[in-house]
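Position 76 (the sequence shown) corresponds to 66 in the working numbering; numbering is contiguous.
Even for Gly, the Cβ is constructed at its ideal location relative to N, Cα and C.
If you're wondering where the values come from, they're calculated on a predicted model, not measured in any experiment.
Worksheet for the structure shown next.
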Amino acid sequence: MVPNFYFDIGVRGARREGFGSVCVDAVTQAMARMHPIFKERADTYAIDLPGLSEGPRLGRRLGHQLRVFAQESASANAIADALDADVRLRDLVVIGRVRMVDTATHAGPWAVLRRFRVAKRSEPLNRQRDLARAANLPFLMTRSRTNGHAYTLTLYREIVQQRGSAPNGQPNSYGLSGDVPVMLPVVEAVAMPGG
């Protein structure tokens, strides 16, 4: 997937350094609405959370903004329109307009958003290290529509200083990087009305 187009989803009422239950709820709701679309159209969309930060309990935050990337303008507009039409999201978020980013000339940096996984119980030393790190990472609570089970989606974000074109990874059904990273251009935030 080549991230040529993007749009921002801003949390209504959140401040620049927004965090807390309002941001978590809004980001969780937006992710829940996008997941079925991402699952249906694999390798079409990827997401970034520009405000995501790690830290002790009060330092970990998802931020106040979701950034959705697509390879084609039509795909970006389709999901932006679907989210904008969702009455359950209207009070929570503001959908920005679709913008183009020239990935061929983007000199970096790049962001990679991944799901953090804790090592198996059969690897106790790695598991202990991973559990300690996971305690400082932001997360979303989500529920499977298939079996109804709830689970945690722990996230981490890497910034990569790479020159030239980025590898074309395939995002998963949440728009996150898999084995091959989906390198998303770090672009300057645009002020959003109502956010």
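Any idea which residues DSSP pairs M90 with across the strands? F(-5)
Assign R80 to buried or exposed, taking buried as 16 or more other Cβ atoms, counted over all protein chains shown, within 10 Å of its Cβ. exposed
By DSSP, does L82 sit in helix, in strand, or in coil? coil
Starting from the Cα of A72, find the closest Cα among T95, P26, G165 and give me that residue. P26
For G168 and R105, I'd like the C-alpha separation in whole angstroms. 8 Å
Cα-Cα separation, V150 to T136: 35 Å
Using three-state DSSP, classify S65 as helix, strand or coil. helix
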